[in-house]
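Going by the UniProt record's numbering, the final residue of the sequence shown carries number 347, and the count climbs one at a time with no gaps. Down below is the structure, laid out as structure tokens.
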Amino acid sequence: MEEARPIKFFVEVGTIIKIAAIVALLIAVYFLRHLLLVLLTAVVIASAVDPAANWFGRFKIPRLLSVLAVYILAFVIIGGTLVFFLPPLFSDLSEIAFEIPAQLNSLINSNPSWQTVISISGNFSTEFSVQEVINRGFLGLSLPDNVFDLSRLLLAGLFDFILIVVISFYLAVQKNGVENFLSIVIPNRHEEYILDLWRRTEIKIGRWMQGQILLSLIIGPLVFLGLTLFEVKYALTLSIIASIFEIIPIFGPVLSSVPAVIMGLNDSLTLALIMIGFYLIIHQFENHLLYPLVVKKIIGVNPLVVIISLIIGYELAGFLGVVLSVPLATLLMEFVSDIEKRKRQNA
Numbered sequence: 001m002e003e004a005r006p007i008k009f010f011v012e013v014g015t016i017i018k019i020a021a022i023v024a025l026l027i028a029v030y031f032l033r034h035l036l037l038v039l040l041t042a043v044v045i046a047s048a049v050d051p052a053a054n055w056f057g058r059f060k061i062p063r064l065l066s067v068l069a070v071y072i073l074a075f076v077i078i079g080g081t082l083v084f085f086l087p088p089l090f091s092d093l094s095e096i097a098f099e100i101p102a103q104l105n106s107l108i109n110s111n112p113s114w115q116t117v118i119s120i121s122g123n124f125s126t127e128f129s130v131q132e133v134i135n136r137g138f139l140g141l142s143l144p145d146n147v148f149d150l151s152r153l154l155l156a157g158l159f160d161f162i163l164i165v166v167i168s169f170y171l172a173v174q175k176n177g178v179e180n181f182l183s184i185v186i187p188n189r190h191e192e193y194i195l196d197l198w199r200r201t202e203i204k205i206g207r208w209m210q211g212q213i214l215l216s217l218i219i220g221p222l223v224f225l226g227l228t229l230f231e232v233k234y235a236l237t238l239s240i241i242a243s244i245f246e247i248i249p250i251f252g253p254v255l256s257s258v259p260a261v262i263m264g265l266n267d268s269l270t271l272a273l274i275m276i277g278f279y280l281i282i283h284q285f286e287n288h289l290l291y292p293l294v295v296k297k298i299i300g301v302n303p304l305v306v307i308i309s310l311i312i313g314y315e316l317a318g319f320l321g322v323v324l325s326v327p328l329a330t331l332l333m334e335f336v337s338d339i340e341k342r343k344r345q346n347a
């Protein structure tokens, strides 16, 4: 009987070095993940500024002044919005936070059949308090426990904001600054493809942003006019909420209608039903007129991709994750599309 020969494995030194380098890179990415998020956010903002800076460049304005004008204009718009709309917005939201629980409790307690919530075991509390739910954490949000933690959180946010502005400004001031940055960090053999992939992604992201801004500028004023016509309280705040929620495809208009319907209940059931009908009309107007005639022609991102990417981005990285979610998802979709094209070509 032939004796079994021992199996020998040979691993080249180069392979070990590559594996060690990959592991070291992954460890570095993990520990520097927040800095990488800030850097990626700056790259996305610089890409958004680039088309506006190029537009100013048509008038023979130097690149530095063009980018500076874009940033100043953005800060003026954001600052003006905060100064004029934020105080009444916070005031309205604080009042809404007190009124909504009261209205829901009143509605539930007015109907005896709603006062007892029965579980599968038939053993559930007969008392229902919306305020208690809110006190335990509305939408899973929580504030720091003390002033020190809050101050540290605010300072960290301010530092991130300044860092993002400085890096994005530096990239935007340079002609093709983002592409030059990518050329530095990616291998030469993949440079041409990755730059082409980024250009296509940048175009789609730009179209998506144009579509969302257009929707917000149309839907917000329409909601404000409708709510004002029906004399619903907090019309300005509710219209701003409707504009912001337009970033969420399909479900955004539905979610933004909930506070308005509850505010309608503050007056009467009839007004609440009118609010439901009004938001349904707005939703149909958006789906059958705005999207087919205007938005669908310029938007370049699948709505389902937007929804999933926003959820994943928020869960993984909070606010910065939301900012980066759509660009990164679009980049991934373009990459997958390229793989599918290559498979069809090789088939």
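Every residue gets a Cβ at the ideal spot worked out from N, C-alpha and C, and that includes glycine.
In the DSSP assignment, Glu-231 falls outside any alpha helix (DSSP H), carrying neither H nor E. The three-state reading of DSSP puts Lys-175 in coil, since its state is none of H, G, I, E or B. Cβ-Cβ distances below 8 Å link Ile-307 to Ile-248, Pro-249, Ile-250, Phe-251 in the same chain, with the five nearest sequence neighbours on each side left out; the list follows chain order. With respect to Arg-58, Val-173 sits apart: the two C-beta atoms are not nearer than 8 Å. In the pairwise beta carbon analysis, the segment 45 to 57 is classified as touching the segment 160 to 176: at least three pairs are separated by under 8 Å. Between Pro-221 and Ile-241, the gap from beta carbon to beta carbon reaches 8 Å or more. Excluding residues up to 5 positions away in sequence, Gly-313, Tyr-314 lie with their Cβ nearer than 7 Å to the Cβ of Gly-321 in the same chain. Going by beta carbons, Val-67 and Trp-208 fall outside the 8 Å limit. Assignment of Arg-200 by DSSP, reduced to helix, strand and coil, places it in the helix class.
The segment 214 to 289 contains no complete beta strand (DSSP E) run of 3 or more residues. Listed in chain order, the beta strand (DSSP E) elements of length 3 or more contained wholly in the segment 8 to 52 amount to none. In this structure Gly-318 does not touch Phe-278 by the C-beta definition: roughly 34 Å separates them, more than the 8 Å allowed. Annotation for Glu-340: no residue places its beta carbon closer than 6 Å to its own, counting only its chain and skipping 5 residues before and after. Per DSSP, Pro-303 is one residue of the alpha helix (DSSP H) stretching across 303 to 346. Using a C-beta cut-off of 8 Å, the segment 329 to 338 makes contact with the segment 191 to 198, since at least three inter-stretch Cβ pairs fall below that distance. Note that the C-beta distance between Leu-271 and Phe-230 is below 8 Å. For Arg-189, the three-state secondary structure derived from DSSP is helix. Only residues of its own chain outside the window of five on either side were considered, and among them Val-43, Ala-46, Ser-47, Leu-171 have a CB closer than 6 Å to the CB of Val-178, listed in chain order.
Remark: C-beta atoms of Leu-238 and Val-261 do not approach each other more closely than 8 Å. In the structure shown, Arg-58 falls within a coil segment according to DSSP collapsed to helix, strand and coil. For the pair Leu-155 and Phe-148, the Cα-to-Cα distance works out to about 11 Å. 8 Å or more divides the Cβ of Ala-74 from the Cβ of Phe-56.
Taking 8 Å as the upper bound for CB-CB distance, Ser-168 and Val-323 are not in contact here, some 12 Å apart. Annotation: Val-232 to Ser-257 spans about 12 Å, alpha carbon to alpha carbon. With contacts defined as CB atoms closer than 8 Å, Ser-243 and Ile-282 fail to qualify as a contacting pair.
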